[in-house]
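Engineer: Residues in the sequence shown are numbered consecutively from 450, following this note's numbering. Virtual Cβ for every residue (Gly too), placed ideally from N, Cα, C. Predicted, not measured: the structure shown is a model, and the values here were computed from it. Just passing along the structure, written as structure tokens.
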Amino acid sequence: MSNFSQPARDHLEGIPSVVLDPKLSDTARTASVAFTTSTYGINTGGTVYRMDDVPIPLRPAFDSPYKSDLEILRGIESRIRQRQLAEPLPDPAVSGA
């Protein structure tokens, strides 16, 4: 958020947002929902790419009490799918949608 002009920040603050961040950033402070995540490349493995597009695999160096971005997003996706299966979708003919 700090990279944006004040009018842009004011506009964005009115839009609900979900933030995944390893620290309590200004963006996380203004988010509707904020998840603290493990730090990519330190607590979570993966792949980064050099400027010449060569992949470099990363392994976690330290454990973290926080989940990775991927674990959090998969958990959210799983919960949404569970709710979709549990709750029938509204009938557009009845709701007028």
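According to DSSP, which residues form a beta bridge with Val467?
Structural biologist: Beta-bridge pairing links Val467 to Val482.
Engineer: Could you name the residues of the same chain whose beta carbon sits closer than 7 Å to that of Thr486, not counting the 5 residues immediately before and after it, in chain order?
Structural biologist: Cβ within range, chain order: Leu469, Asp470, Pro471, Tyr515, Lys516, Ser517, Asp518 and Ile521.
Engineer: Just list the residues that DSSP pairs Pro493 with in beta bridges.
Structural biologist: Inspection of the sequence shows that residue 493 is occupied by Thr rather than by Pro. Per DSSP, Tyr489.
Engineer: Buried or exposed for Phe484, going by 16 or more other Cβ atoms inside 10 Å?
Structural biologist: Classification for Phe484: buried.
Engineer: Comparing alpha-carbon positions, which option in Ile505, Arg499 and Gly463 lies nearest Thr479?
Structural biologist: Among Ile505, Arg499 and Gly463, the Cα nearest to that of Thr479 belongs to Gly463.
Engineer: If you measure between the beta carbons of Val467 and Ser481, is that distance less than 8 Å?
Structural biologist: For Val467 and Ser481, yes; Cβs fall inside 8 Å.
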